[in-house]
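Engineer: Handing you a structure now.
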Amino acid sequence: MLQFLQSFFSDGSFIPHGHCYLWKPWLVWMHIASDSLIALVYYSIPITLVYFVKKREDLPFKWIVLLFGAFIVSCGTTHLMDVWTLWHPTYWVSAFLKVITALISLSTAIALLPVIPKAIALPSPAQLEAANCQLRLALKELANTQAQLIQTEKMSSLGQLVAGIAHEINNPANFIYGNIAPTHEYVQDLFTLISLYEKYYPCTIGEIRTYAEEIDLDFIKADLPKILSSIKMGSDRIRKIVLSLRNFSRLGETEIKEVDLHEGINSTLVILQNRLKAKTNCPAIEVIKEYGNLPKVECYAAQMNQVFMNILNNAIDTLEESMVSCKVAIPVKTLGVSSKKNNRQQNGKPQIRISTQVVDNNQVIIRFYDNGCGMTEEVKQKIFDPFFTTKPVGFGVGLGMSISYQIIDKHGGQLKCISAPLQGTEFIIQIPINLKYD
Ligand SMILES: Nc1ncnc2c1ncn2[C@@H]1O[C@H](COP(=O)(O)OP(=O)(O)OP(=O)(O)O)[C@@H](O)[C@H]1O
Ligand SMILES: [Mg+2]
């Protein structure tokens, strides 16, 4: 064994490789330099590979990369051996190293074969990017659906509340309204009867006369009909409010209907009446209606009311805020609005202007303009994003406009916003008169 090892590592009677090159210095040095360089590079590559594998623990087929590393190291060693055998003809050792290299190369090549189809099946960066893109879209859609659900829930409970209140008020209001006419008639009859008594039985009894003076009968005769007519006016108003509430809630109406949009806007304004009134830090908000001649529009009525509600609520919010913070609620220059309208805005009052018109015979445009603070370009870019809000916590969820955008989109229409700081804001809704059914 010792003898075998000695002969294995000995030069034997072989001729060093340099003899083949006739020891031509340039040739010898060229071989030395290139073999050494190749060996150096071959040794450095596995270091890089091992580093890479260590950093990417999730790398598939890690072992094949390491096998490649071993293959490259053995190749490098054969080159080093070529330098050694220039002077030392240990060709047995050199042949043994080549056998090892051959075995490693062969196993690498064989191991590679079943891996290739699997590697081909791995998603390419472009496919991964496409899948990522789809995931992002799905996520966005999910966020939109979530937003819509939250808003629908909000609106449906508001709708139910409104419908409930309308229903409860309706009965007593009708009761009052229905009894006013007979009450008026009975009062008239009683007054006539008193007059007849006074005519045929002139009052001689002191107690009656004193009491009539005490209660000021003449004044009662004059005032009672007035009181009754103001009660009538009040109950008339209650009936109108109830009607608006019912119109607003339109509970259960999920189907498409031909709707008078002006009615929807008016009902929404009635609901918001309280917010439009003067407050300690904000004068009354003036609503200017410039309604055109609109035909009935096919739409989801409750959803359209929801859009009006969201836009008007935002307008009121900004007008209230403008009174407190930016002060100038009234820009002189406005967005694409005629000078006649501009003049109106110079009177220093917070205003909401609503105009409607038909365009191209088959579309309606509804504009909501408020002369509030307006918004920066940055805010404007984001207003239709779900959950985007500039309002303090508890004041805004950031869903109103994104839902409104989706509703208008569902109607095959467009919702646009024109706004600039201190220039007010205009929301423009454009929807077809007849819904296109998919
Ligand atoms: N008329 C407007 N003037 C100025 N800014 C507005 C106006 N309308 C909307 N915005 C801006 O757009 C943002 C988003 O409005 P959106 O109605 O979606 O949410 P929000 O009003 O904050 O909350 P909520 O979901 O309760 O309506 C608001 O926070 C506000 O900054
Ligand atoms: Mg809002």
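Quick note on numbering: our numbering labels position 135 of the sequence shown as 135, and the sequence is numbered without any gaps. Using N, Cα and C, we set each Cβ at its ideal position, and we do this for glycine too.
1) Which word fits Ser13, buried or exposed, when buried means at least 16 other C-beta atoms lie within 10 angstroms of its C-beta?
2) Looking at the secondary structure, which residues open and close the beta strand (DSSP E) in which Thr48 lies?
3) Looking at C-beta atoms only, is the number of pairs between the stretch 140 to 155 and the stretch 400 to 410 that lie closer than 8 Å three or more?
4) Should Asn458 be listed as close to ligand 2, given that the test is whether its C-beta is under 7 Å from any heavy atom?
5) Write down the C-beta distance between Ile176 and Ser267 rounded to the nearest angstrom, noting that I regard them as a contact closer than 8 Å.
6) Quick one: what's Val297 bridged to in DSSP?
7) Taking the alpha-carbon positions, what's the Ser229 to Leu193 distance?
8) Looking at Gly396 and ligand 2, is the gap between the Cβ and the nearest heavy atom below 7 Å?
9) Out of curiosity, what's the CA-to-CA distance linking Met1 and Phe8?
10) From this set, Leu399, Gln381, Trp29, which residue's C-alpha is nearest Ile418's C-alpha?
11) DSSP three-state call for Cys373: helix, strand or coil?
12) By Cβ distance below 6 Å, which residues in the same chain neighbour Lys62 in space, the five residues on each side in sequence not counted?
13) Excluding the 5 residues flanking Ala420 on each side, which residues of the same chain have their C-beta closer than 6 Å to its C-beta?
14) To the nearest angstrom, report how far apart Leu22 and Asp35 are at their CA atoms.
15) Rounded to whole angstroms, what's the CA-CA distance from Lys341 to Thr425? Just pull it up for me.
16) Check whether the Cβ of Lys391 lies closer than 7 Å to any heavy atom of ligand 1, and answer yes or no.
17) Alpha carbon to alpha carbon, how far is Ile288 from Tyr201?
18) Run the Cβ filter for me: residues under 5 Å from any heavy atom of ligand 2, listed in the order they occur in the chain.
19) For Leu272, collect the residues of the same chain with a Cβ closer than 8 Å to its Cβ; drop the 5 residues on either side in sequence, then sort them by chain order.
20) With Leu261 and Val307 assumed to form a contact (beta carbons below 8 Å), what rounded beta-carbon distance in angstroms separates them?
21) Apart from the five residues just before and just after Gly413, which ones in its own chain have a Cβ nearer than 7 Å to its Cβ?
22) Do Cys282 and Pro392 have their beta-carbon atoms positioned less than 8 Å apart in this structure?
23) How is Gln423 classed by DSSP in three states: helix, strand or coil?
24) How big is the Cα-Cα spacing for Pro331 and Asn371?
25) Grab me the residues of Ile110's own chain with a C-beta within less than 6 Å of its C-beta, minus the 5 sequence neighbours each way, in chain order.
26) Using only the heavy atoms of ligand 1, determine whether one of them is closer than 7 Å to the beta carbon of Cys282.
27) Where DSSP assigns a beta bridge to Ile104, which residues make up the other side?
28) Can you tell me the Cα-Cα spacing of Asp218 and Lys232, whole angstroms?
29) From the DSSP output, which residues share a beta bridge with Val393?
30) Since Phe68 and Leu49 should fall inside the 8 Å C-beta cutoff, what is the C-beta to C-beta distance between them, to a whole number of angstroms?
31) Check this for me: beta carbons of Leu243 and Val187, under 8 Å apart or not?
32) For my contact list, Ile383 and Phe368 are in at a C-beta cut-off of 8 Å; report their separation, rounded to the angstrom.
33) DSSP state of Phe368, grouped into three classes?
34) Any beta carbon of chain D sitting closer than 8 Å to that of Leu97?
35) What residues match up with Cys282 in a beta bridge as DSSP calls it?
36) I want to check one thing, is the minimum distance from the CB of Phe308 to the heavy atoms of ligand 1 below 7 Å?
Structural biologist: Per the coordinate set shown:
1) Here residue 13 refers to the residue found at position 13 when the sequence shown is read from its first residue. Classified as exposed, Ser13 has fewer than 16 neighbouring CB atoms from the shown chains inside 10 Å of its CB.
2) By 1-based counting over the sequence shown, the position of residue 48 is 48. It is not in any beta strand (DSSP E) - Thr48 instead sits in the alpha helix (DSSP H) that spans 25 to 55.
3) The stretch 140 to 155 vs the stretch 400 to 410: in contact.
4) One cannot answer for residue 458 here, as it falls past the ends of the chain, which runs 1 to 438.
5) For this step, residue 176 is matched to residue 176 along the sequence shown. For this step, residue 267 is matched to residue 267 along the sequence shown. For Ile176 against Ser267, the beta-carbon gap comes to about 22 Å, at or over 8 Å, which does not count as contact.
6) Position 297 of the sequence shown, counted from the start, is the residue given in the question as residue 297. Residue pairing by DSSP puts Val297 in a beta bridge opposite Val259.
7) One-based indexing of the sequence shown puts residue 229 at position 229. One-based indexing of the sequence shown puts residue 193 at position 193. Rounded to whole angstroms, Ser229 to Leu193 spans 21 Å at the Cα level.
8) What you label residue 396 is simply residue 396 of the sequence shown in a count that begins at 1. Yes, the beta carbon of Gly396 sits closer than 7 Å to at least one heavy atom of ligand 2.
9) Against the sequence shown, residue 1 aligns to sequence position 1. Against the sequence shown, residue 8 aligns to sequence position 8. Met1 and Phe8 have their C-alpha atoms some 10 Å from each other.
10) For the purposes of this step, residue 418 is identified with residue 418 of the sequence shown, where counting begins at 1. Taking only the C-alpha atoms, the option nearest Ile418 is Gln381.
11) By 1-based counting over the sequence shown, the position of residue 373 is 373. For Cys373, the three-state secondary structure derived from DSSP is coil.
12) Within the sequence shown, numbered from 1, the residue matching residue 62 stands at position 62. Taking Lys62 as the centre and dropping the five residues before and after it, the same chain places the C-beta of Val53 closer than 6 Å to its C-beta, in chain order.
13) Within the sequence shown, residue 420 is the residue found at index 420, counting from 1. Excluding residues within five positions, the ones whose Cβ falls inside 6 Å are Gly374.
14) Here residue 22 is taken as the residue at index 22 of the sequence shown, counted from 1. Here residue 35 is taken as the residue at index 35 of the sequence shown, counted from 1. Computed Cα separation, rounded: 18 Å.
15) Within the sequence shown, the letter at position 341 stands for residue 341. Within the sequence shown, the letter at position 425 stands for residue 425. Low confidence applies to Lys341: its pLDDT is 41, below 50, so where it sits in the model is not reliable, and the reading given next is rough at best. The alpha-carbon of Lys341 is positioned some 14 Å away from that of Thr425.
16) On the sequence shown, position 391 is the one that residue 391 refers to. Indeed, a heavy atom of ligand 1 lies less than 7 Å from the Cβ.
17) Sequence index remark: in the sequence shown, residue 288 carries index 288 (1-based). Sequence index remark: in the sequence shown, residue 201 carries index 201 (1-based). If you take the alpha carbons of Ile288 and Tyr201, they lie about 59 Å apart.
18) The set of residues whose C-beta lies within less than 5 Å of a heavy atom of ligand 2 reads, in chain order, Asn314, Gly400.
19) As a working note, residue 272 is residue 272 in the sequence shown. Excluding residues within five positions, the ones whose Cβ falls inside 8 Å are Met309, Leu312, Asn313, Ile316.
20) Sequence index remark: in the sequence shown, residue 261 carries index 261 (1-based). Sequence index remark: in the sequence shown, residue 307 carries index 307 (1-based). So it is not a contact: roughly 10 Å between Cβ atoms.
21) As a first step, residue 413 is located in the sequence shown; it is residue number 413 there, counting from the start. Here Gly413 has Ile429, Gln430, Ile431, Pro432 as same chain residues with Cβ atoms under 7 Å from its own Cβ, once five neighbours each way along the sequence are excluded.
22) Mapped onto the sequence shown, residue 392 falls at position 392. Mapped onto the sequence shown, residue 282 falls at position 282. No, Cβ-Cβ distance for Pro392 and Cys282 is not below 8 Å.
23) Taking the first residue of the sequence shown as position 1, residue 423 is located at position 423. Gln423 sits in coil when the DSSP states are folded into three classes, being neither helix nor strand.
24) Here residue 331 refers to the residue found at position 331 of the sequence shown. Here residue 371 refers to the residue found at position 371 of the sequence shown. Any reading at Pro331 needs caution, since the residue's pLDDT is 46, under 50, leaving its predicted position unreliable; the model's value is listed next. Roughly 7 Å between the two C-alpha positions.
25) Here the question's residue 110 lines up with position 110 in the sequence shown. Nothing meets the Cβ criterion.
26) Position 282 of the sequence shown, counting from 1, holds the residue named residue 282. Not under cutoff, so the answer is no.
27) Working through the sequence shown from its first residue, we reach residue 104 at position 104. In the DSSP output, where bridge partners are listed per residue, Ile104 has none listed.
28) Position 218 of the sequence shown holds residue 218. Position 232 of the sequence shown holds residue 232. Taken atom to atom, the span from the alpha-carbon of Asp218 to that of Lys232 is near 22 Å.
29) Reading the sequence shown from its first residue, position 393 is the one you call residue 393. In the DSSP output, where bridge partners are listed per residue, Val393 has none listed.
30) Translated into the one-based positions of the sequence shown, residue 68 becomes position 68. Translated into the one-based positions of the sequence shown, residue 49 becomes position 49. Your pair Phe68 and Leu49 checks out as a contact, with CB atoms roughly 7 Å apart and the cut at 8 Å.
31) Your numbering for residue 243 matches position 243 in the sequence shown. Your numbering for residue 187 matches position 187 in the sequence shown. Cβ distance not < 8 Å, so Leu243 and Val187 don't count as in contact.
32) Taking the sequence shown and counting its residues from 1, the one referred to as residue 383 is at position 383. Taking the sequence shown and counting its residues from 1, the one referred to as residue 368 is at position 368. Cβ-Cβ separation between Ile383 and Phe368: approximately 13 Å, too far for a contact (criterion under 8 Å).
33) Reading the sequence shown from its first residue, position 368 is the one you call residue 368. Strand.
34) Any reference to chain D falls outside this structure, which holds one protein chain only.
35) Position 282 of the sequence shown holds residue 282. DSSP lists Lys279 as partners of Cys282.
36) As a first step, residue 308 is located in the sequence shown; it is residue number 308 there, counting from the start. No heavy atom of ligand 1 is found nearer than 7 Å to the CB of Phe308.
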